[in-house]
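Read the structure below first, then the notes.
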Amino acid sequence: MTAVDGVVRQLRGIVVTVRPPVFVLLAFYAELGLAQAGKPNAYVLLAKILAATAAFLVFSVACNDLADEAIDRVNLSGDPRRPLVSGAVSRARLLATGWVAAGAALLISVLIGWPALVITAVGLAVSGAYSVRPVRIAQRGVLAPLLLPACYVAVPYLLGITAVRRAPTGTDLALLGGLYVGFIGRILLKDFRDVRGDAMFGKRTFLVRHGRRWTCVFSACCWAAGTSVILAAMPDGSRAEHVARYTIGACAVFAVLFIAGLAAHENPRRDEALISAVAILGRAMILILIIHLSAVDLGLTPFIEFAFLNLLGALALSQATSVARHGPRLRLLPVPIEQVDEQHSLAS
Amino acid sequence: MKASRSRPTSGYERAWTVFGIVVAVLMALAGLSVAAVAVVFWIGMSHYGSNK
Numbered sequence: 029m030t031a032v033d034g035v036v037r038q039l040r041g042i043v044v045t046v047r048p049p050v051f052v053l054l055a056f057y058a059e060l061g062l063a064q065a066g067k068p069n070a071y072v073l074l075a076k077i078l079a080a081t082a083a084f085l086v087f088s089v090a091c092n093d094l095a096d097e098a099i100d101r102v103n104l105s106g107d108p109r110r111p112l113v114s115g116a117v118s119r120a121r122l123l124a125t126g127w128v129a130a131g132a133a134l135l136i137s138v139l140i141g142w143p144a145l146v147i148t149a150v151g152l153a154v155s156g157a158y159s160v161r162p163v164r165i166a167q168r169g170v171l172a173p174l175l176l177p178a179c180y181v182a183v184p185y186l187l188g189i190t191a192v193r194r195a196p197t198g199t200d201l202a203l204l205g206g207l208y209v210g211f212i213g214r215i216l217l218k219d220f221r222d223v224r225g226d227a228m229f230g231k232r233t234f235l236v237r238h239g240r241r242w243t244c245v246f247s248a249c250c251w252a253a254g255t256s257v258i259l260a261a262m263p264d265g266s267r268a269e270h271v272a273r274y275t276i277g278a279c280a281v282f283a284v285l286f287i288a289g290l291a292a293h294e295n296p297r298r299d300e301a302l303i304s305a306v307a308i309l310g311r312a313m314i315l316i317l318i319i320h321l322s323a324v325d326l327g328l329t330p331f332i333e334f335a336f337l338n339l340l341g342a343l344a345l346s347q348a349t350s351v352a353r354h355g356p357r358l359r360l361l362p363v364p365i366e367q368v369d370e371q372h373s374l375a376s
Numbered sequence: 012m013k014a015s016r017s018r019p020t021s022g023y024e025r026a027w028t029v030f031g032i033v034v035a036v037l038m039a040l041a042g043l044s045v046a047a048v049a050v051v052f053w054i055g056m057s058h059y060g061s062n063k
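Taken in order, these protein sequences are the chains called A and B.
Positions in the first sequence are counted from 1; adding 28 to them yields this note's numbering.
Positions in the second sequence are counted from 1; adding 11 to them yields this note's numbering.
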């Protein structure tokens, strides 16, 4: 292997480690923070925040993949999105990548400002505690779905806010609260994919402890509560804002309907489709907020904002309905039962 | 093995994707450039099937 091949392989490992879909989600929260603080099109600030967020995410994912290697071998064996399990990187390399990423996240945060440095440092500490023993909050039932959203939502959103002004206002924090509670409703559903490996290795997730029905009930309650707080945190009451409100409300109603469908039937393929549809609507809500806040900042006429919000609402509902019916384009194949048995005996 | 597998895109999905990209272009023309880029990434993620 030449030196160039080695560098390309290393870079590919980092890109896979950053989990592009998760990074895009965190980027949405960062941009929402900037838009909420009144600077939706601040490209240089956004670039700095995204660089810090990417490094923070690489550290978090490295910790999680190293700690969950055995579980991932059951839940996600051969999945190219898990570089450690697929053999793309070694444990030593992933560990080194994680430490370098943590250092990079702190360094880039210094460029944004000292509040960003504090936020990133706290985020890194919480993220490490989530995965790494002896704390390992991921195994502590109800604490895990409460803490992971704090990292994924609060860190990029607060980086966006504090890049513009020193401290968040009450409205900023109310919006953060709504986003946080709403994300808990989505993160609870992610455990449906991993339930076999989690149960096998004693990872006491909310789903393992309380079962399908109560997980869906709690998720729907979080959706309703989170959406209510987000709507309450939109105070000005203009006509365009009413459109943003009902578009967000429609996304939440459809999401709760999909969650009700998830509670009613048990089928891995259908679970994957419905959870993906719920996630599409959750991300659409963030996007609607970004568009609304950006339009207000830009002084767009209410008619144009009205048109964009309605078009995006229609797009969100159609995408979610289509994915709920046919499933996402990229699917996972179930692990054969003999491989599960083999992993179970190894775990014992 | 649990491996990833893609299914073909339907005409309905392709039509909505094109519609979404047109909306994003219109948003960029109206000055909502970052939001327009976000819409494009959001459409990509919708196909990918992220659970978050």
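Each residue gets a CB set at the ideal place from its N, CA and C atoms; glycine is no exception.
These numbers come from a predicted model, not from an experiment.
Residues that residue i contacts on chain A, provided the C-beta gap is smaller than 8 Å
| i | result |
| --- | --- |
| ALA49 (chain B) | ALA55, PHE56, GLU59, LEU315, ILE318 |
| VAL34 (chain B) | PHE336, LEU339, LEU340, LEU343 |
Chain-ordered chain A contacts of residue i [CB-CB under 7 Å]
| i | result |
| --- | --- |
| ALA41 (chain B) | LEU328, ILE332 |
Proximal residues of chain B, C-beta to C-beta of residue i below 8 Å
| i | result |
| --- | --- |
| LEU74 (chain A) | VAL45 |
| LEU112 (chain A) | Simply none; closest approach about 15 Å. |
| VAL399 (chain A) | Here chain A has residues from 29 to 376 only, and residue 399 (chain A) is not among them. |
| ALA312 (chain A) | TRP53 |
| PRO173 (chain A) | Per Cβ cutoff of 8 Å: no residues; PRO173 (chain A) is ~12 Å from chain B at best. |
| ARG224 (chain A) | The premise fails here: ARG224 (chain A) is roughly 10 Å from chain B at the closest Cβ pair, so nothing lies under 8 Å. |
Nearest to residue i (by Cα), restricted to the options the options
| i | options | result |
| --- | --- | --- |
| THR377 (chain A) | A:ARG267, A:GLY277, A:ALA268, A:HIS238 | Lying outside 29 to 376, the shown extent of chain A, residue 377 (chain A) is not represented and no answer is given. |
| ALA116 (chain A) | A:ALA129, A:VAL138, A:ASP93 | A:ASP93 |
| GLY310 (chain A) | A:ILE77, A:LEU345, A:GLY225, A:ARG193 | A:LEU345 |
| LEU13 (chain A) | A:SER350, A:ALA348, A:ALA268, A:ALA352 | With chain A running from 29 to 376 in the structure shown, residue 13 (chain A) is simply not present. |
| ALA55 (chain A) | A:THR30, A:ALA182, A:ALA98, A:ARG232 | A:ALA182 |
| ASP100 (chain A) | A:LEU235, A:GLY341, A:ARG224, A:LEU259 | A:ARG224 |
| GLY156 (chain A) | A:ALA130, A:PHE246, A:LEU235 | A:ALA130 |
| PRO296 (chain A) | A:GLY355, A:LEU62, A:ALA342 | A:GLY355 |
| VAL102 (chain A) | A:ARG40, A:ASP226, A:THR125 | A:ASP226 |
| MET208 (chain A) | A:ASP222, A:ALA178, A:ARG221 | According to the sequence displayed, residue 208 (chain A) carries Tyr and not Met. For TYR208 (chain A), the nearest C-alpha among the options comes from A:ALA178. |
| ILE32 (chain B) | B:VAL51, B:HIS58, B:ASN62, B:ALA41 | B:VAL51 |
| VAL46 (chain A) | A:ASN338, A:PRO162, A:TYR180, A:LEU235 | A:TYR180 |
| LEU259 (chain A) | A:GLY205, A:GLN347, A:THR349 | A:GLY205 |
| LEU40 (chain B) | A:LYS218, A:SER304, A:LEU328, A:ARG237 | A:LEU328 |
| LEU20 (chain A) | A:ASP200, A:LYS231, A:TRP127 | Nothing about residue 20 (chain A) can be reported from this structure: the residues present for chain A run from 29 to 376 only. |
| TYR57 (chain A) | A:VAL245, A:ALA70, A:THR81, A:VAL35 | A:THR81 |
| TRP27 (chain B) | B:SER61, B:ASN62, B:LYS63, B:TRP53 | B:TRP53 |
| LEU139 (chain A) | A:ALA79, A:GLY210, A:ASN338, A:PHE331 | A:ALA79 |
| PHE234 (chain A) | A:ALA202, A:VAL257, A:LEU174 | A:LEU174 |
| LEU326 (chain A) | A:VAL43, A:PRO68, A:VAL32, A:VAL36 | A:PRO68 |
Whole-Å CB distance - residue i paired with residue j, under 8 Å assumed
| i | j | result |
| --- | --- | --- |
| ILE314 (chain A) | LEU60 (chain A) | 6 Å |
| ARG164 (chain A) | ALA98 (chain A) | With a Cβ gap of about 13 Å, ARG164 (chain A) and ALA98 (chain A) do not count as contacting. |
| LEU186 (chain A) | ILE147 (chain A) | 5 Å |
| ILE287 (chain A) | ALA248 (chain A) | 5 Å |
| VAL188 (chain A) | ILE319 (chain A) | Residue 188 (chain A) is actually Gly in this sequence, not Val. With 8 Å as the limit, GLY188 (chain A) and ILE319 (chain A) do not qualify as a contact, their Cβ atoms being about 16 Å apart. |
| THR125 (chain A) | VAL86 (chain A) | 6 Å |
| THR199 (chain A) | ALA272 (chain A) | Wrong, their Cβ atoms sit about 15 Å apart, outside the cutoff. |
Neighbouring residues, chain B, relative to residue i (Cβ below 7 Å)
| i | result |
| --- | --- |
| ASN69 (chain A) | SER44, VAL45 |
| ALA323 (chain A) | LEU43 |
| PRO184 (chain A) | Near PRO184 (chain A) there are no residues of chain B at all, since even the closest Cβ is about 13 Å away, more than 7 Å. |
Chain-ordered neighbours of residue i on chain B, where CB pairs are closer than 9 Å
| i | result |
| --- | --- |
| SER159 (chain A) | Under the 9 Å cutoff, chain B gives no residues; its nearest Cβ is about 16 Å from SER159 (chain A). |
Quiz item: What are the residues of the segment 202-221 of chain A that lie near chain B, defined by any Cβ-Cβ distance shorter than 9 Å?
Solution: PHE211, ARG214, ILE215, LEU217, LYS218, PHE220, ARG221
Practice problem: Determine which residues of the segment 16-30 of chain B have a Cβ less than 9 Å from any Cβ of chain A, and write them out in chain order. | Solution: ARG16, SER17, ARG18, PRO19, THR20, SER21, TYR23, GLU24, TRP27, THR28, PHE30
Exercise. Taking a Cβ distance cut-off of 7 Å, strictly less, list which residues of the segment 337-349 of chain A are near chain C, in chain order.
Key: Given the protein chain composition of this structure (A and B), no chain C is represented.
Quiz prompt | Runs of alpha helix (DSSP H) wholly within the segment 74-120 of chain A (minimum 4 residues, chain order) | solution = 97-103, 111-114
Practice problem: With 8 Å as the limit, tell me which residues of the segment 292-307 of chain A have their beta carbon closer than that to any beta carbon of chain B; keep them in chain order. | Solution: GLU300, ILE303, SER304, ALA307
Quiz item: Quick one: complete beta strand (DSSP E) runs, 3+ long, within the segment 254-333 of chain A?
Solution: none
Exercise. Would you list, in chain order, the members of the segment 270-295 of chain A that have their beta-carbon closer than 8 Å to a beta-carbon of chain B?
Key: none
Practice problem: Counting only runs of 4+ residues fully inside the segment 117-199 of chain A, write out the alpha helix (DSSP H) ranges in chain order. | Solution: 119-140, 142-159, 171-177, 183-192
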